[in-house]
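Some notes on the structure that comes next.
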Amino acid sequence: MKEQGEMDERKNFARPRIAQRETAHRETSRRETEGGFSYIDVMIGITILLVGVLALAAAITAGVVRSREGEQRLIAKQLANSTIESIFAARDMIQLRWESIGNIGNNPVNGEPSGKFLSGRNPIRLDDGTDKVYGTADDTGDVMPNFERQIKITDICDPERPSANCPVPGSYPVMMRLVEVSIFYQGVGLWREEKITTLVTNSLLEPE
Ligand SMILES: [Ca+2]
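Okay, so the sequence shown: first residue is 3 according to the numbering used here, each after it adds one.
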């Protein structure tokens, strides 16, 4: 009986220690499990955050580029319009008149080329020079960065009224010309073009 009592006592003494060990083991396992999930969670969180930040940065950059190009395009349109006005003004000026409405080397009058406007793509200068017309050889002053201008003027030939400047030469004066003004502008990177096309007529000339 005494031996049986001692054995029961040992069992009762051992039981709490086993329970403590089991509790400690479960606690360690729980911590290990929680620690693993937390690390993955953090990594996933950082990845999602990075993707979001990169997308936001890309959107902001695209917005800045569009805004910059929009401003440049607006300026290019204004420059094209002012160039067209300048050409119409040249037609009506006493010192220039109709014969000047052409590119340099064109519009022969008595064999002498009378066109005043620069050919090809040229820098845009801020001062219109002594003739007070933009796009001619005497333009001066600072050059506008990131902008260039091209003026192309071609005779419109009338088969019934052939002129000396037309493929089938005649004796009639040219009454109408096509004016193409291109302003090239550089936004962010690539050059772009804003073009205006119009017709100009020799309104001062009486039809024959
Ligand atoms: Ca000028």
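Cβ atoms here follow ideal geometry from the backbone N, Cα and C, with glycine treated the same way.
Note that the structure is predicted; figures quoted are calculated from it, not measured.
8 Å Cβ cutoff met for residue i and residue j
| i | j | result |
| --- | --- | --- |
| residue 76 | residue 133 | no |
| residue 143 | residue 127 | yes |
| residue 86 | residue 93 | no |
| residue 202 | residue 90 | yes |
| residue 130 | residue 141 | yes |
Residue i, DSSP secondary structure in three states
| i | result |
| --- | --- |
| residue 180 | strand |
| residue 155 | strand |
| residue 197 | strand |
| residue 138 | strand |
| residue 163 | coil |
| residue 127 | strand |
| residue 95 | coil |
| residue 133 | coil |
| residue 202 | strand |
| residue 106 | coil |
| residue 148 | strand |
| residue 55 | helix |
| residue 47 | helix |
| residue 67 | helix |
| residue 72 | helix |
Assumed close pair residue i, residue j - CB separation to whole angstroms, cut-off 8 Å
| i | j | result |
| --- | --- | --- |
| residue 171 | residue 164 | 6 Å |
| residue 155 | residue 179 | 5 Å |
| residue 121 | residue 105 | 4 Å |
| residue 205 | residue 137 | In fact, because the Cβ distance is near 20 Å, the residues do not count as touching under 8 Å. |
Span separating the alpha-carbon of residue i from that of residue j
| i | j | result |
| --- | --- | --- |
| residue 125 | residue 112 | 31 Å |
| residue 153 | residue 197 | 10 Å |
| residue 199 | residue 58 | 40 Å |
| residue 119 | residue 83 | 16 Å |
| residue 167 | residue 194 | 33 Å |
| residue 139 | residue 117 | 11 Å |
| residue 135 | residue 100 | 14 Å |
| residue 41 | residue 62 | 31 Å |
| residue 181 | residue 169 | 19 Å |
| residue 49 | residue 43 | 10 Å |
| residue 53 | residue 145 | 43 Å |
| residue 161 | residue 73 | 44 Å |
| residue 192 | residue 67 | 11 Å |
| residue 70 | residue 173 | 51 Å |
| residue 115 | residue 56 | 60 Å |
| residue 177 | residue 96 | 18 Å |
| residue 60 | residue 81 | 31 Å |
Residue i: CB within 7 Å of a non-hydrogen atom of ligand 3
| i | result |
| --- | --- |
| residue 117 | This structure lacks ligand 3; its bound ligands are ligand 1. |
Cutoff 8 Å: residue i Cβ touching any chain D Cβ
| i | result |
| --- | --- |
| residue 46 | You won't find chain D in this structure, because it holds only one protein chain. |
(request) Spell out a yes or no on whether the region 186 to 196 and the region 140 to 158 are touching, meaning 3 or more CB-CB pairs, one atom from each, closer than 8 Å. (result) Contact between the region 186 to 196 and the region 140 to 158 is present, because at least three Cβ pairs lie under 8 Å.
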